[in-house]
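Residue numbers (the working numbering): 142 to 250. We treat Cβ as the ideally placed atom computed from N, Cα and C, and that holds for glycine. Okay, so here's the structure we're looking at.
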């Protein structure tokens with residue numbers, strides 16, 4: 142007998158009720174990324190320094206990857222980066238091959 146599995150998507154197009162919401166952004170000039178979230182009525186933040194090989198896009202992606210690793214459970218991520226939003230839409234179920242940009246490869250793994 143052959144089974145068809147229905148997979149539960151890991152990404153949602155609409156906000157997840159009761160999930161923590163994090164806001165991410167990065168600055169080209171400052172070479173820093175910021176993650177901000179509200180925890181028990183207090184705003185928290187984390188500032189990340191760019192790696193030497195980071196472009197603005199990989200720095201934006203770094204902020205989102207940091208948030209996904211730092212917080213367990215459902216998470217709403219708000220980004221102003223079209224690049225990161227596009228990666229998020231396509232990454233689920235994708236195969237990642239080694240690319241020339243080693244920093245991008247590290248972030249996608």
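Residues near residue i in its chain [Cβ-Cβ closer than 6 Å; skip 5 each side]
i           : result
residue 177 : 164 and 186
Inter-residue Cα distance where the pair is residue i and residue j
i           : j           : result
residue 211 : residue 171 : 23 Å
residue 198 : residue 222 : 8 Å
residue 209 : residue 219 : 12 Å
residue 190 : residue 196 : 12 Å
residue 150 : residue 231 : 12 Å
residue 247 : residue 179 : 28 Å
Other residues of its chain near residue i: CB distance less than 7 Å, five sequence neighbours each side excluded
i           : result
residue 259 : An answer regarding residue 259 cannot be provided, because it is not within the stretch 142 to 250 covered by the chain.
residue 228 : 202
Other residues of its chain near residue i: CB distance less than 8 Å, five sequence neighbours each side excluded
i           : result
residue 217 : 156, 157, 160, 161, 162 and 163
Residue i vs residue j beta-carbon contact at 7 Å
i           : j           : result
residue 244 : residue 174 : no
> Counting only runs that start and end within the segment 156 to 226, where is the beta strand (DSSP E) found for 3 or more residues in a row?
Replying inline: 161 to 168, 173 to 180, 183 to 190 and 216 to 220
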